[in-house]
Amino acid sequence: MYQVIARKFRPKTFKEMKGQEALVSTLKNALRLNRLPYAYLFSGPKGTGKTSVARLLAKALNCAQRTDEYEPCNRCASCLEIQNGTSLDVLEIDGASNRGIDDIRKINETVSFSALSGRYKIYLIDEVHMLTKEAFNALLKTLEEPPEKVKFLFATTEPHKVLPTILSRCQRFQLKRISLEHILDKLRGIVKELDVQVEEGALQLIAKKADGGLRDAESLLDQILNFQDGAITARLVEEMLGAPSKESLFKLDQALQAADEASLHMIAKSVYDSGLDLSYYLEALIDHFRSHLLFKFRAEGPLSLPKEESEFYQKLQGGYSKGGLIAIIDELLAAQQKARAHPVSLTSLEQLFYKMMRLFHLESIGSVIKRLSELERKLGGAPVAPKIPQPIPAPPKPTPTAEITIDPTPSKEDLVGIKPAKKAMPAKPAEIKPQPKAPEKSPTPPISPAGMRPMDAKTETLLQFAAIELEGKITKK
Numbered sequence: 058m059y060q061v062i063a064r065k066f067r068p069k070t071f072k073e074m075k076g077q078e079a080l081v082s083t084l085k086n087a088l089r090l091n092r093l094p095y096a097y098l099f100s101g102p103k104g105t106g107k108t109s110v111a112r113l114l115a116k117a118l119n120c121a122q123r124t125d126e127y128e129p130c131n132r133c134a135s136c137l138e139i140q141n142g143t144s145l146d147v148l149e150i151d152g153a154s155n156r157g158i159d160d161i162r163k164i165n166e167t168v169s170f171s172a173l174s175g176r177y178k179i180y181l182i183d184e185v186h187m188l189t190k191e192a193f194n195a196l197l198k199t200l201e202e203p204p205e206k207v208k209f210l211f212a213t214t215e216p217h218k219v220l221p222t223i224l225s226r227c228q229r230f231q232l233k234r235i236s237l238e239h240i241l242d243k244l245r246g247i248v249k250e251l252d253v254q255v256e257e258g259a260l261q262l263i264a265k266k267a268d269g270g271l272r273d274a275e276s277l278l279d280q281i282l283n284f285q286d287g288a289i290t291a292r293l294v295e296e297m298l299g300a301p302s303k304e305s306l307f308k309l310d311q312a313l314q315a316a317d318e319a320s321l322h323m324i325a326k327s328v329y330d331s332g333l334d335l336s337y338y339l340e341a342l343i344d345h346f347r348s349h350l351l352f353k354f355r356a357e358g359p360l361s362l363p364k365e366e367s368e369f370y371q372k373l374q375g376g377y378s379k380g381g382l383i384a385i386i387d388e389l390l391a392a393q394q395k396a397r398a399h400p401v402s403l404t405s406l407e408q409l410f411y412k413m414m415r416l417f418h419l420e421s422i423g424s425v426i427k428r429l430s431e432l433e434r435k436l437g438g439a440p441v442a443p444k445i446p447q448p449i450p451a452p453p454k455p456t457p458t459a460e461i462t463i464d465p466t467p468s469k470e471d472l473v474g475i476k477p478a479k480k481a482m483p484a485k486p487a488e489i490k491p492q493p494k495a496p497e498k499s500p501t502p503p504i505s506p507a508g509m510r511p512m513d514a515k516t517e518t519l520l521q522f523a524a525i526e527l528e529g530k531i532t533k534k
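Numbered according to my numbering, the sequence shown spans residues 58 to 534.
Here's what the structure looks like:
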């Protein structure tokens, strides 16, 4: 009877679990020490082996002839029944179709029954996050204090949807995405066992398309083997996946580096008219320029590219800069985000190519600074040009101010009516008489150097007011 590749090559031992070494080591130690909790929760991305590892643990728990490495023997009746899905001690339940409270009540009613032939009675609930809140609450008490010989194994892709009270009662294991190398190793083994011819480039395309999910890679390989009976080439896989050929991507590189707008227009039109999935085309472009960037960083090892493709990437390295490649990848990621909301049109694809060309020929700040430094170094020994004398600016014109000049020497008109003072005789100290006051109406001129009297306070005040009013400067000559 025909079986699909994903079921036929499902792991039968812990050793066959690819890319989950830490998880396998922990489970083996738990079996060796007999430290087995009541409930396990296996979570992780799709196709990483959550259900497979749960079945392996169930086989190891009930295996009658477990090996020294705590692997299931796959020969006893219990292992064969679990492998074929006919075991009465291991009940597999689909959480998506048995998600109600009534389904959980049936589990609660049968949980007290002992196992028929194995050590444990095991409930394996797949997609457990699909259970309703009422179903989780009904399972809570049983999960907290189950019978001695009962184990619960849960598998889910969305552990955040499981109630926290359920999570706290489980031992959790997070399965990681499977690496590209592990997927390739698994596919090579399958192809060898099936005795079919598949190019290495075709296997790499399948592994990249799986995006960390081994089951997806196996299903895709099964589909491609059914498509053609003969040898499977990389070009055939590209056509089936709707992926652009490497030749077309390298032509795009050459058009970008040559700033050939006409070629860019023809490439965009050819891609659009071919009916390719443009979202997948953008993903292929991102992966292509990422390969360029990794070659620029001299990280050839992780790429695992065929020799011919590696030579093309090496040949085109001189035309790209690290900054330009990073900017192009950023532009492609933004276009991919927009494509999820709006379909990609021919115009938008052309504009994307023109933006990539502009980013490719855009000179970075670092290169500009480097060129300026080089130019400065070359001009360092050149004669210095004489400085051109700058004209001296003219002094500002003085602002005219009102000035009042007072001549301290009295004129003849000022002396009319004033008798010359007589020479004073030295007076006795005891007979000092006060000097007579001058009349208030007669102006009192300031004293001259020849011994005249100083001007009185009133005249001084008037002169000060006059100077302030006229905003001028009063000087005494």
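Even glycine gets a Cβ: it sits at the ideal position worked out from N, Cα and C. Predicted, not measured: the structure shown is a model, and the values here were computed from it.
For Leu406, the CB contacts under 8 Å within the same chain, skipping 5 residues up- and downstream, are Ala325, Val328, Tyr329 and Leu335 in chain order.
The Cβ atoms of Ser276 and Ala111 lie no closer than 7 Å to each other. When DSSP states are grouped into helix, strand and coil, Ile235 belongs to the coil group.
Restricting attention to Gln60, Lys427, Ile343 and Phe99, the CA atom closest to the CA of Val219 is found in Phe99. Residues Asp183 and Glu184 of the same chain have their beta carbon placed closer than 7 Å to that of Asp151, with the five preceding and five following residues left out of the count.
Under the three-state reduction of DSSP, Lys206 is assigned to coil, being neither helix nor strand.
If you look at Ser367, you'll find it in the alpha helix (DSSP H) that goes Lys364 to Lys372.
Around the beta carbon of Leu519, fewer than 16 other beta carbons lie within 10 angstroms, which makes this residue exposed. Restricting attention to beta strand (DSSP E) runs no shorter than 3 residues, the stretch 220-274 encloses them at 228-231, ordered along the chain. Rounded to whole angstroms, Glu340 and Gln393 show a C-alpha spacing of 7 Å. For Ser154, no beta strand (DSSP E) encloses it, and the DSSP letter there is neither H nor E. Within the stretch 393-438, the runs of alpha helix (DSSP H) that reach at least 4 residues and sit entirely inside it are, in chain order, 403-418 and 422-435. Counting the other CB atoms within 10 Å of its CB gives Ile426 a total below 16, which places it among the exposed residues. Judged by their CB atoms, Ile235 and Thr105 are nearer to each other than the 7 Å cut-off. Separation of Leu382 and Glu318 (C-alpha to C-alpha, rounded to the nearest whole angstrom) is 19 Å. The C-beta of Tyr59 has fewer than 16 other C-beta atoms within 10 Å across all chains shown, which makes the residue exposed. Taken atom to atom, the span from the alpha-carbon of Asp125 to that of Ala117 is near 12 Å. Across the set Tyr95, Gly76, Phe71 and Phe66, the C-alpha of Gly76 shows the shortest separation from the C-alpha of Gly269. Of all alpha-carbon atoms in Leu293, Lys233 and Asp286, the one lying nearest the alpha-carbon of Leu260 is that of Leu293. The three-state secondary structure of Tyr97, taken from DSSP, is strand.
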